[in-house]
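Numbering (this note's numbering), first residue to last: 2 to 161.
A virtual CB, placed ideally from N, CA and C, is assigned to each residue, including glycine.
Treat the numbers as computed from the prediction; the structure is a model and nothing was measured.
Worksheet: the structure to be examined is printed underneath.
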Amino acid sequence: MTTATATDTRQPDDIAPSVLRRYYTNLLSWPTTIDSETGEVRLRLGETIDALVMRAGFGGEVNHELVRAMMRAPIIVVPGKKAADWVFLTQPRTPMRQSTVDDLMAAQIGWYKPGDTVALPAFGTTEGGLFWLQRPQPGGELPSWGAVVGAVRRTFTRTW
Numbered sequence: 002m003t004t005a006t007a008t009d010t011r012q013p014d015d016i017a018p019s020v021l022r023r024y025y026t027n028l029l030s031w032p033t034t035i036d037s038e039t040g041e042v043r044l045r046l047g048e049t050i051d052a053l054v055m056r057a058g059f060g061g062e063v064n065h066e067l068v069r070a071m072m073r074a075p076i077i078v079v080p081g082k083k084a085a086d087w088v089f090l091t092q093p094r095t096p097m098r099q100s101t102v103d104d105l106m107a108a109q110i111g112w113y114k115p116g117d118t119v120a121l122p123a124f125g126t127t128e129g130g131l132f133w134l135q136r137p138q139p140g141g142e143l144p145s146w147g148a149v150v151g152a153v154r155r156t157f158t159r160t161w
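So this is what it looks like as C-alpha cells:
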C-alpha cells in the first residue's frame, strides 16, 4: 500500500497579485505579468499558451466534446452584461486553413493576437468578476489548439 500526500493548490480570494503571479509562473510555468494600472495578473498569449473565446452556452457544448475525447482545458469565465464568455486556454496556435477560419467566424469564436494578454482570476469566486470554471492543474497539459478547434467545428456542425 502506498501513502500519498497532496498539497492544496487552491488560493484565497484576497491573495496579493504578486503571490498569485508567482503561483501561475512557478507552478504552472505560465508567462505572466502584473498590470501596473489595474493590479491584475495577466497571461501573455502566443508563444507557450493561446486562447479561444466563445459564448458560455456554446462553450458548454465544446467543453462536453473535449471531455468526451478525454481532454480538459482550463476555462476562464468572463461575466458580461447580457451573457458570459468562456476563454479556453490551449497550447500555442497552429496554422489554420481558410475554411477553418471561416468555420470559427461563423460559430462566433474569437482569438487573440500573439502578444495579447488576458486577465487571470484568483482562485475561488469573486463577486461579478472573472473566475475559473475549470482550474488549471499543476503538471497538467493544455489541449492543443487543433483539438479545441476540432471540438468547436464538431459542435458547430452538429448544432446547425
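Query: Along the alpha helix (DSSP H) that carries Phe-59, what are the first and last residues, could you check?; Result: 57-69
Query: Tell me which same chain residues have a C-beta within less than 7 Å of the C-beta of Gly-147, skipping the five on either side of it?; Result: Thr-95
Query: Touch check for the stretch 22-42 and the stretch 118-125: three-plus C-beta pairs under 8 Å?; Result: yes
Query: Using only alpha-carbon positions, find the residue among Gln-138, Val-150 and Gly-140 that is nearest to Met-106.; Result: Val-150
Query: Ignore the nearest five residues each way along the sequence and tell me which others in Pro-32's own chain have a CB closer than 8 Å to its CB.; Result: Thr-26, Leu-44, Arg-45, Glu-48, Thr-49 and Ile-50
Query: What separation, rounded to the nearest whole angstrom, lies between the Cα atoms of Val-78 and Trp-133?; Result: 6 Å
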